Amino acid sequence: MEPVIIIPAYNEEKVIANVLKELQKQNYHNLIVVDDGSKDNTAKIAESLKVKVIRHPINRGQGAALKTGIDYALEQGNDILVTFDADGQFKVEEIKAMIEPIQKKEVDVTLGSRFLGKTVNMPFLKKVTLKGGVAFTYLFSRIKLSDTHNGFKAFSKEAAAKLELRQDRMAHASEMIDEINKKKIKYKEVPVTVIYTDYTKEKGQSITNSARIVFHLLMKKVAK
Amino acid sequence: MSLSIIQVILIVFILFAISRVILRFKEKKIGWRVFLFWSTIWILGIITIYLPSSAEYFAQLLGIGRAVDLILYVSVALLFYLIFRIYVKINQIDEAITKIVRDIAIEKTKNKHESKPTPEDR
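Spelled out as structure tokens, the structure:
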């Protein structure tokens, strides 16, 4: 069972080639890049490496891009779906450990956790923000996880089909966990390495953004 | 009873607003419920401006000292409610846009990979 690797990307022309080449080198050829309306050459670069690209005509946010990738992957009849970041902060070798519990039918979803793994160079402020996310998720969804905002995840097709994802922007990470909890999907955290480089630090989420995420989640609850 | 300048300005403005509401209703851009809602609000506005003592009466009835306070309370509550409604509406539109973008993106990819190359692609 070859997994499909879904890679949402927005203006990642500097790094996407490296990530895709590394995946191909380690024999992952079922790749889907969801280009979320990038203004640079992200899509062209991915296509030049013979990777399937789904292109949002306008930017709709990472959550929206992920769902597009998941919908397409399910339509194409894939059994195991992996979500992977385009900026090179995850390690391709760790995909194996992520999909193994699903292949063995132990669980339906695996969630990468940088706090269980050997994370490199995490800035202190990042750690504080992420732990805030963990605490908020516990209050909001009653799920106790060590890392709630990690894009490295794997799903069985049954689990992926059950998730109702409506958050387009960054609040999608909390929403996903909420959905896993609500639909009683069996999950497990798997240690992963997150490599912080200057590039990923710049692209990452700021604290002010976290406040916005909380606002979006709460508003969506009342506005349903 | 003579009207002060501010009363005239406000009443003229409200009459303009009412004319817009009637126009939209005639054009069938709004339903009768929305039409009634806005007409009521604007007519209440005219009454309070023309006869401030009427607002005074209601304020005292509700135990609020001044008529101006009553008007402010009601206006602020109404504004917040309308903002909330607009927020919900924008959210719905946002979700709809994402769905359209997603469908277009997936459809395009499918056409590219599943059909034979057309002369255009070459």
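Line by line, the protein sequences are chains A and B.
Counting along the first sequence from 1, when you hit position 167 you're at 1140 in the numbering used here, and nothing is skipped either side.
Counting along the second sequence from 1, when you hit position 51 you're at 59 in the numbering used here, and nothing is skipped either side.
Glycine included, C-beta positions come from ideal geometry on N, C-alpha and C.
No experiment lies behind these values; they were computed from the predicted model shown.
Check your understanding: Helix or strand or just coil, what does DSSP make of R1087/A?
Key -> Coil.
Check your understanding: Quick check: the stretch 1116–1130 of chain A against the stretch 1088–1098 of chain A, are there 3 or more CB pairs under 8 Å?
Key -> Because the criterion of three Cβ pairs below 8 Å is met, the stretch 1116–1130 of chain A and the stretch 1088–1098 of chain A touch.
Check your understanding: What are the partner residues of E1162/A, as DSSP defines its beta bridges?
Key -> Residue pairing for E1162/A: DSSP places it in a beta bridge opposite L1084/A.
**Study point:** Sequence-distant residues of its chain with Cβ nearer than 7 Å to E986/A (five each side left out)
**Key:** Apart from the 5 residues on each side of it in sequence, E986/A sits with its Cβ closer than 7 Å to the Cβ of D1013, N1014, T1015 and I1018 in its chain, given in chain order.
Review point. So V1055/A packs on I978/A, CB below 8 Å; how close in whole Å?
Key: Indeed, because the Cβ distance is near 5 Å, the residues count as touching under 8 Å.
Exercise for review: Find out if the Cβ-Cβ distance for the pair T1083/A, Y1160/A is shorter than 8 Å.
Suggested key: The criterion of a C-beta distance shorter than 8 Å is satisfied by T1083/A and Y1160/A.
Exercise for review: Kindly indicate which three-state DSSP category R1028/A falls into: helix, strand or coil?
Suggested key: Correct three-state label for R1028/A: strand.
Review point. Using the rule of at least 16 other Cβ atoms within 10 Å of the residue's Cβ for burial, across every protein chain shown, is N1051/A buried or exposed?
Key: N1051/A is buried by the Cβ-count criterion.
Review point. Mind listing which residues of the stretch 87–104 of chain B have their C-beta closer than 9 Å to chain A's C-betas, in chain order?
Key: So the close ones are F92, Y95, V96, N99, Q100, D102 and E103.
Review point. A113/B and P981/A look like a contact to me (Cβ under 8 Å); what is the Cβ gap, rounded to whole Å?
Key: The pair is not a contact, with the Cβ atoms about 12 Å apart (cut-off 8 Å).
Exercise for review: Out of M1192/A, I1072/A, Y1001/A and L1138/A, point me to the one whose CA is closest to V1163/A's CA.
Suggested key: Of the candidates M1192/A, I1072/A, Y1001/A and L1138/A, the one whose C-alpha sits nearest the C-alpha of V1163/A is I1072/A.
Exercise for review: Take D936/A as the anchor and find which of P1074/A, Q1035/A, Q997/A and I1186/A has the nearest alpha-carbon.
Suggested key: Absent from the model: residue 936/A. The displayed extent of chain A is 974 to 1197, so no value can be given.
Exercise for review: Decide yes or no for the touch test of the stretch 1040–1048 of chain A against the stretch 1130–1140 of chain A: beta carbon pairs closer than 8 Å, at least 3 of them.
Suggested key: Touching, per the Cβ criterion.
Check your understanding: D129/B by DSSP, collapsed to three states: which one?
Key -> For D129/B, the predicted structure reports a pLDDT of 48, less than 50, and the residue's modelled location is therefore unreliable. A value from the coordinates is still provided. In the three-state reduction of the DSSP assignment, D129/B falls in the coil class, being assigned neither a helical nor a strand state.
Review point. Interface residues of chain B around A1037/A at Cβ under 8 Å?
Key: Within chain B, the residues near A1037/A are T106, V109 and R110.
Point to revise | Residue-chain proximity (K1025/A, chain B), Cβ-Cβ < 8 Å | key: K1025/A counts as touching chain B.
Exercise for review: Look up T1092/A in the DSSP assignment and say whether it is helix, strand or coil.
Suggested key: Residue state for T1092/A is assigned as coil, using DSSP reduced to three classes.
Point to revise | is_contact[A113/B, chain A] using C-beta, thresh 8 Å | key: With 8 Å as the cut-off, A113/B counts as an interface residue toward chain A.
Practice item. Specify the secondary structure class of P981/A as computed by DSSP and reduced to three states. Key: Strand at P981/A.
Check your understanding: Whose Cβ in chain B lies nearer than 7 Å to the Cβ of T1015/A?
Key -> Simply none; closest approach about 14 Å.
Point to revise | Reduced DSSP secondary structure (H/G/I, E/B, other) of I38/B | key: Correct three-state label for I38/B: coil.
Point to revise | Contacting residues, own chain, Cβ-Cβ under 8 Å from I22/B (five flanking each side not counted) | key: Excluding its 5 nearest sequence neighbours in each direction, I22/B has C-beta neighbours in its own chain below 8 Å: W50, G53, I54 and I57, listed in chain order.
**Study point:** Under the three-state DSSP convention, the category F1125/A falls into
**Key:** When DSSP states are grouped into helix, strand and coil, F1125/A belongs to the coil group.
Review point. At what residues does the alpha helix (DSSP H) containing L1112/A begin and finish?
Key: In this chain, the alpha helix (DSSP H) harbouring L1112/A covers F1097 to S1114.
Exercise for review: With a threshold of 16 other CB atoms inside 10 Å of the CB of R41/B, please say whether the residue is buried or exposed.
Suggested key: The residue in question, R41/B, is exposed, as its Cβ has fewer than 16 Cβ neighbours within 10 Å.
Exercise for review: Give the C-beta separation of I26/B and R32/B to the nearest angstrom, bearing in mind that I take them to be a contact with Cβ-Cβ under 8 Å.
Suggested key: The beta-carbon separation of I26/B and R32/B, rounded to 11 Å, does not stay under the 8 Å limit for a contact.
Point to revise | Contact with chain A by R130/B, beta-carbon distance below 8 Å | key: Per-residue confidence for R130/B stands at a pLDDT of 44, beneath the threshold of 50, marking its modelled position as unreliable; the derived number appears in the next sentence. R130/B has a beta carbon lying at 8 Å or more from every beta carbon in chain A.
**Study point:** Nearest candidate by alpha-carbon position, reference A990/A, set E975/A, N1000/A, S1021/A and Y1111/A
**Key:** Checking every option, the nearest Cα to that of A990/A belongs to S1021/A.
**Study point:** Separation of S1147/A from V1110/A, as counted between CA atoms
**Key:** According to the sequence shown, residue 1110/A is Thr rather than Val. Counting only the Cα atoms, S1147/A lies some 6 Å from T1110/A.
Review point. Closest Cβ-Cβ distance between H121/B and chain A: below 8 Å?
Key: True, the Cβ-Cβ gap to chain A drops below 8 Å.
Point to revise | Member of A1132/A, Q999/A and K1155/A whose CA lies at the smallest distance from the CA of E1079/A | key: Ranking A1132/A, Q999/A and K1155/A by Cα distance to E1079/A puts A1132/A first.
Point to revise | Helix, strand or coil at T1173/A [DSSP, three-state] | key: Residue state, collapsed to three classes: helix.
Check your understanding: Identify the residues that DSSP records as bridge partners of T949/A: which are they?
Key -> Outside the shown range of chain A, which is 974 to 1197, sits residue 949/A, and nothing can be said about it.
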